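Single-structure report; data block below.
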Amino acid sequence: MLNEFQQKAVLLPNKNALILAGAGSGKTRVLTSRIAHLCQKQRISPQSILAVTFTNKAAREMRERVEQLLGYSTRGMWLGTFHGIAHRLLRQHAQELGFDRHFKVLDQDDQLQMIKRLVAHLNLDDRLYAPKYLQHYINAKKDEGVRAESLNDKSVDQEVIRLYQAYELRLKADNALDFADLLLCANELLTHNEVLRSYYQKRFQYILIDEFQDTNTIQYKWLEKLYSGDNTVMAVGDDDQSIYGWRGAKVENIQKFIDDFGEVEVIRLEQNYRSTQIILDAANAVITNNIDRMGKTLWSEKERGEQIAFYEAFNERDEADFIAGRIYNLWKNEHLTLKDIAILYRSNAQSRVIEEALLKEGVPYRIYGGVRFFDRAEIKDALAYLRLMALKSDNLAFERIINTPTRGIGAKTLEVIRDYAADYDLSLWHAAKAVIERKLLSSRALKALSEFINMIEELSEYIDTLTLEDLMRLVLEKSGLLRSYEAGKSEKSQQKLENLKELVNAASEFIPPVEDVETNEARLLEFLSFAVLESGEMQADENIDSVQMMTLHSAKGLEFPYVFMTGLEDGLFPSSRSIDSPKKLAEERRLCYVGITRAMAKLTLSYSKVRHQYGDINYQIKSRFLHEIPDDYIKSVRTSVKKSETPSFGISPFEFLKKNTPDSAFKTGDFVNHTKFGIGVFLKSEGEGDERLYHIDFKAGGGKKVLLAKMAKLSKL
DNA sequence: GCCATGTTGATTTTT
DNA sequence: TCAACATGGC
1468 MLNEFQQKAV LLPNKNALIL AGAGSGKTRV LTSRIAHLCQ KQRISPQSIL AVTFTNKAAR
1528 EMRERVEQLL GYSTRGMWLG TFHGIAHRLL RQHAQELGFD RHFKVLDQDD QLQMIKRLVA
1588 HLNLDDRLYA PKYLQHYINA KKDEGVRAES LNDKSVDQEV IRLYQAYELR LKADNALDFA
1648 DLLLCANELL THNEVLRSYY QKRFQYILID EFQDTNTIQY KWLEKLYSGD NTVMAVGDDD
1708 QSIYGWRGAK VENIQKFIDD FGEVEVIRLE QNYRSTQIIL DAANAVITNN IDRMGKTLWS
1768 EKERGEQIAF YEAFNERDEA DFIAGRIYNL WKNEHLTLKD IAILYRSNAQ SRVIEEALLK
1828 EGVPYRIYGG VRFFDRAEIK DALAYLRLMA LKSDNLAFER IINTPTRGIG AKTLEVIRDY
1888 AADYDLSLWH AAKAVIERKL LSSRALKALS EFINMIEELS EYIDTLTLED LMRLVLEKSG
1948 LLRSYEAGKS EKSQQKLENL KELVNAASEF IPPVEDVETN EARLLEFLSF AVLESGEMQA
2008 DENIDSVQMM TLHSAKGLEF PYVFMTGLED GLFPSSRSID SPKKLAEERR LCYVGITRAM
2068 AKLTLSYSKV RHQYGDINYQ IKSRFLHEIP DDYIKSVRTS VKKSETPSFG ISPFEFLKKN
2128 TPDSAFKTGD FVNHTKFGIG VFLKSEGEGD ERLYHIDFKA GGGKKVLLAK MAKLSKL
């Protein structure tokens, strides 16, 4: 069942190991079999195992599969995401770190809000100090393990550092941690507390880490803390699939692991069980162009397989149309299941035209990504009520809901409260109460404000008596959230209403990840953390058979019999922001490798000569990655539209251009593409020897077709 | 507090 | 281009 190398990894005696697991090489199987082997054959208690993943989804999957293999629950085993495990550690040992056990976790959105407020508070110009940039800067520093107080960065405006410091103080005052803090604090906990460190080092006899190429500096440090020399670490990863460098992941950690962890057994999993040989050959051919690889060549026992299809589209509409047409054909004529088909793209903006084309063909699709369940505004509003109820000093929650739904508390009132809070160093909640007591507002505002305060206090009283589910219901009711959406008849309001109902559901199904949750309050706090740490896919229509559309990044870890990789154009993929940095380019190439290796049976590549971007027309050139795939793996597919199907305007495109373009000097016209939307033409200008690209597009305007000629950006051909 | 209008900026994303 | 966000008038 397991091949030689997989088996070696699973059965490995007590020794640190690095499993270099190529795409589709059965990595998860090895990991789960390893855990099962330890429990069953080695009689290791699940308590002694720590298994870390990056996403909740991966963690869930792993737990399920281990339990399937073992036939019993693995509840005692620490298996989760880096953040989830850090969170658990911190909840358990908050005292030792000197902070309140009831800390809350800020998500990206909360974090950004807080930074925005600080920027305003410090009177900084938000154009010079863009909150988004500051957020990125702070997170990057934290991911490297650098706190504000020990930061010495001369390369950056000192105001930025001051803001970072202010932000840290704010967090502390609010008893809040951001995502990076979870890791950072957990690391500090293990660094400073020897007793705990040695306890966990003894406890976790076996540490397994998935997706090692995605670990960042702080995660690596964290692992070092848990390693005593007596326990063993198995790191599983693939340097060729490292695509998250831009958010702090360090591929180098793989090499570093080999260097730092004593004698490390390196096992390569190179047999691929997913793709045909030709797809693997293409992937190998591309990735070979990267230097500094650990080195790995995928092979397959599968047949050579179908050639890779390649379509050269005239514009992005043509590209989309081609894809939609092909899929329609696979669906209706070859009776393929749509969920076996994926459309991958580099940037989300590309999805739109493709959606339109699929819609036109009547092909159902599902787009991955977008706003996650717990990130939706209405959900966060509802949760903010719970947050404020649980902890009155939660300023972010306070600001979020004080006037949501609107209850006549405006900016003016809030301003008074904020000033009061600042003057007397109070939380907004307590400031609001004082403002009421001292009658510092108009009677109308006072009334609205005290009604709000009373409502929250009244709701808080139910925390101890009601179940989470009922509490949630009551909050939705009393807060007026339900009412405000019931009033709206739009599709949007209805959807929001649905989501809120789903939230009650989520509350009823919630099982705390730790055992020692006894009080209702503790349960509530766990639920709130859960909502932040597990943003949750919860996409609708999961059951409808549909084409899967997603970015190349979110395709990692997935596989599909049919894969369409789109927009293979320099400047788009690889992204224009990457082409002049070898390091970034290498990451783009890995992304390409990831994309190709998603395909099991058939890969179709496409690029578009013309692409509308940011409101203008760009002439695109083929992605350099396309050139890296040997020609004989590729079969060009002809245009999806016959010449006879292109619209006729009673005048030849050539004549039309001659009449309508300023460039009267051109001599020849070569029709590059006929599409349902128009015709692309390359024209040679006199003299310079440059070529220009013209684009004839038509639009249905007032029932009749209108010819439009647009000149695309001039570019070297 | 809500609506209309102007401005800006635009890979990739999990926790 | 286009959508998110901020600003200003009622």
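My numbering numbers the first residue of the first sequence as 1468 and each following residue consecutively.
The beta carbon of each residue, even a glycine, is placed where N, CA and C say it ideally should be.
Bear in mind that the values here come from a model prediction, so they are computed numbers and not experimental data.
ask   = Run through DSSP, which three-state label would Pro2028 get?
value = The answer is strand: DSSP assigns Pro2028 an E or B state.
inquiry  = Check whether the region 1628 to 1638 and the region 1611 to 1619 touch, using three or more Cβ-Cβ pairs below 8 Å as the test.
reply    = Using a C-beta cut-off of 8 Å, the region 1628 to 1638 makes contact with the region 1611 to 1619, since at least three inter-stretch Cβ pairs fall below that distance.
inquiry  = At the level of alpha carbons, what is the spacing between Glu1755 and Glu1737?
reply    = In the sequence on display, residue 1755 carries Thr and not Glu. Straight-line Cα distance between these residues: approximately 15 Å.
query = Apart from the five residues just before and just after Lys1583, which ones in its own chain have a Cβ nearer than 7 Å to its Cβ?
reply = Contacts found: Pro1598.
Cβ shell of Met2016 (< 6 Å), same chain only, five flanking positions each side left out = Closer than 6 Å at the Cβ level, and outside the excluded window around Met2016, lie Ile1810, Ser1818, Tyr1832, Ile1834.
query = What do you reckon, are the CB atoms on Val1477 and Thr1499 nearer than 7 Å?
reply = Contact: no.
inquiry  = Assuming Gly1715 and Asn1683 are in contact, meaning their beta carbons sit under 8 Å apart, how far apart are those beta carbons, in whole angstroms?
reply    = About 4 Å separates the two Cβ atoms, so the contact holds.
query = Cα separation between Tyr2185 and Leu1943?
reply = In the structure displayed, the chain extends from 1468 to 2184; residue 2185 sits before or after that span and is not available.
task = From the DSSP output, read off the bridge partner residues of Gln1559.
result = Beta-bridge pairing by DSSP links Gln1559 to no other residue.
message = To the nearest angstrom, how far is the alpha carbon of Glu1822 from that of Lys1799?
response = For Glu1822 and Lys1799, the distance between alpha carbons rounds to 18 Å.
request  = Please report the Cβ distance between Thr1522 and Thr1495, rounded to the nearest whole angstrom; I am assuming they are in contact, meaning their Cβ atoms lie under 8 Å.
outcome  = About 12 Å separates the two Cβ atoms, so there is no contact after all.
ask   = How many Å lie between Asn1815 and Leu2019 at the Cα?
value = Their Cα atoms are separated by approximately 10 Å.
request  = Output the boundary residues of the alpha helix (DSSP H) element that contains Glu1534.
outcome  = Run containing Glu1534: 1523 to 1537, per the alpha helix (DSSP H) assignment.
task = For Glu1732, name the three-state secondary structure that DSSP assigns.
result = Residue state, collapsed to three classes: strand.
Identity of the residues DSSP links to Leu2052 by a beta bridge = The partner list for Leu2052 (beta bridge, DSSP) is empty, contrary to what the question assumes.
query = From this set, Asp1593, Gln1562, Asn1481, which residue's C-alpha is nearest Glu1732's C-alpha?
reply = If we check each option's Cα against that of Glu1732, Asn1481 comes out closest.
request  = Could you give the DSSP three-state label for Phe1570: helix, strand or coil?
outcome  = The three-state secondary structure of Phe1570, taken from DSSP, is coil.
query = Residues in its own chain within less than 7 Å of Thr1934 by CB, not counting five upstream and five downstream?
reply = Excluding sequence neighbours, Thr1934 sits near nothing in its chain.
ask   = Taking the continuous alpha helix (DSSP H) assigned at Val1613, which residues delimit it?
value = Secondary structure note for Val1613: it is in no alpha helix (DSSP H), with a DSSP letter that is neither H nor E.
query = Can you tell me whether DSSP reads Ile2101 as helix, strand or coil?
reply = Judged by DSSP in its simplified three-state form, Ile2101 adopts strand.
request  = Could you work out which residue in Val1830, Ser2045, Leu1853 is closest to Lys1806 when comparing CA atoms only?
outcome  = Of Val1830, Ser2045, Leu1853, the residue nearest in Cα terms is Val1830.
query = Using the C-alpha atoms, what's the distance from Ile2084 back to Phe2133?
reply = At Phe2133 the pLDDT is 48, less than 50, meaning the model places this residue with poor confidence; the figure from the coordinates comes in the next sentence. Here the alpha carbon of Phe2133 sits roughly 21 Å from the alpha carbon of Ile2084.
message = Quick check on Lys1799: does DSSP put it in helix, strand or coil?
response = If DSSP states are grouped into helix, strand and coil, Lys1799 belongs with the helices.
ask   = Is it right to say Pro1513 is buried, meaning 16 or more other beta carbons lie within 10 angstroms of its own, or is it exposed?
value = In summary, Pro1513 is buried, with 16 or more beta-carbon neighbours lying within 10 Å of its beta-carbon over all protein chains present.
ask   = How would you label Gly2154, buried or exposed, when you count the other beta carbons within 10 angstroms and need 16 or more for buried?
value = Residue placement at Gly2154 is flagged as unreliable, the pLDDT there being 49, under the threshold of 50; a coordinate-derived value is accordingly withheld.
query = Are the Cβ atoms of Leu1916 and Ile1876 separated by less than 7 Å?
reply = The beta carbons of Leu1916 and Ile1876 sit closer together than 7 Å.
inquiry  = Buried or exposed for Asp1648, going by 16 or more other Cβ atoms inside 10 Å?
reply    = Classification for Asp1648: buried.
message = Please identify the residue among Ala2053, Ser2042, Lys2023, Ser1860 whose C-alpha is closest to the C-alpha of Ala2066.
response = Answer by Cα proximity: Lys2023.
task = Determine the burial state of Ile1674: buried for a count of at least 16 other Cβ atoms within 10 Å of its Cβ, exposed for fewer.
result = Under this definition Ile1674 is a buried residue.
key: Rounded C-alpha distance that separates His1504 from Glu1786   = His1504 and Glu1786 have their C-alpha atoms roughly 49 Å apart.
message = What does the alpha-carbon distance come out to for the pair Phe1689 and Lys1508?
response = Inspection of the sequence shows that residue 1689 is occupied by Trp rather than by Phe. Spanning the two alpha carbons is a distance of roughly 29 Å.
inquiry  = Tell me which residues share the same chain as Arg1594 and place their Cβ nearer than 7 Å to its Cβ, disregarding the 5 neighbours each side in the sequence.
reply    = Here the set comprises nothing.
task = Please name the residue, chosen from Leu1517, Trp1545, Cys1506, that lies closest to Gly1538 on a Cα-to-Cα basis.
result = Cα-wise, what sits closest to Gly1538 is Cys1506.
task = Determine contact between the region 1980 to 1999 and the region 1948 to 1965, defined as no fewer than three beta-carbon pairs at a distance below 8 Å.
result = With the cut-off at 8 Å, the region 1980 to 1999 and the region 1948 to 1965 do not touch.
key: Which listed residue (Asn1966, Ala1954, Asn1921) has its alpha carbon closest to that of Lys1945   = Nearest to Lys1945 by C-alpha distance, out of Asn1966, Ala1954, Asn1921, is Asn1921.
key: Classification of Trp1713 by the beta-carbon crowding that lies within 10 angstroms, buried from 16 upward   = Exposed, because fewer than 16 other Cβ atoms sit within 10 Å of the Cβ of Trp1713.
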